[in-house]
Amino acid sequence: FCLSRGLGDVYKRQEYGGCVLVEGKRIGPGRTYSRQAYARQQDFLWSQFTPYEHLKFSSNLRVPKTVSESEKEERIRTLLRELRLEKCKDTRVGNELIRGISGGEAKRLSIAIELITNPYVL
């Protein structure tokens with residue numbers, strides 16, 4: 005999976021290139037890597053959930069059962085702290101009609117939801 009082909013078309017004045025390597029191995033089509041995550045440009049968050057509830061829900065669905073509940077809680081607390089979401093952890097996300105967390109907080113929450121699985125690549 006090399007970047008030069010796709011980016012060369014987008015940036016006509018400059019050519020960019022490179023390959024994605026994980027642990028020294030090239031990844032791309034035909035090779036899946038289970039420890040990767042993707043944060044979308046557009047946030048897809050439930051307006052009635054709080055950041056804490058989003059992370060708890062994601063943790064329960066996506067973190068392996070071999071990880072203890074206390075370790076999951078520690079991951080949630082760490083992400084809330086490191087992504088500066090502690091102050092809004094109990095505030096509803098909201099939407100266009102319901103006041104909630106800020107746009108920056110929503111973006112950081114989307115990233116935290118992906119980081120809950122502890123991926124190598126985001």
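Numbering (the numbering used here) for the sequence shown: 5 to 126.
Where a beta carbon is used, it is the ideal one built from N, C-alpha and C, also for glycine.
Since the structure is predicted, the reported quantities are computational estimates derived from the model, not experimental observations.
Paired residues, beta bridge with residue i - DSSP
i: Val26; result: Lys29
Cβ neighbour criterion (16 or more within 10 Å) applied to residue i
i: Val97; result: buried
i: Pro2; result: No information on residue 2 is available, as it lies outside the stretch 5 to 126 that the chain covers here.
i: Arg66; result: exposed
Run of the alpha helix (DSSP H) containing residue i, from where it starts to where it stops
i: Tyr56; result: Pro55 to Arg66
i: Glu75; result: Glu73 to Glu86
Residue i (DSSP reduced to helix, strand or coil)
i: Gly108; result: helix
i: Ser114; result: helix
i: Leu119; result: helix
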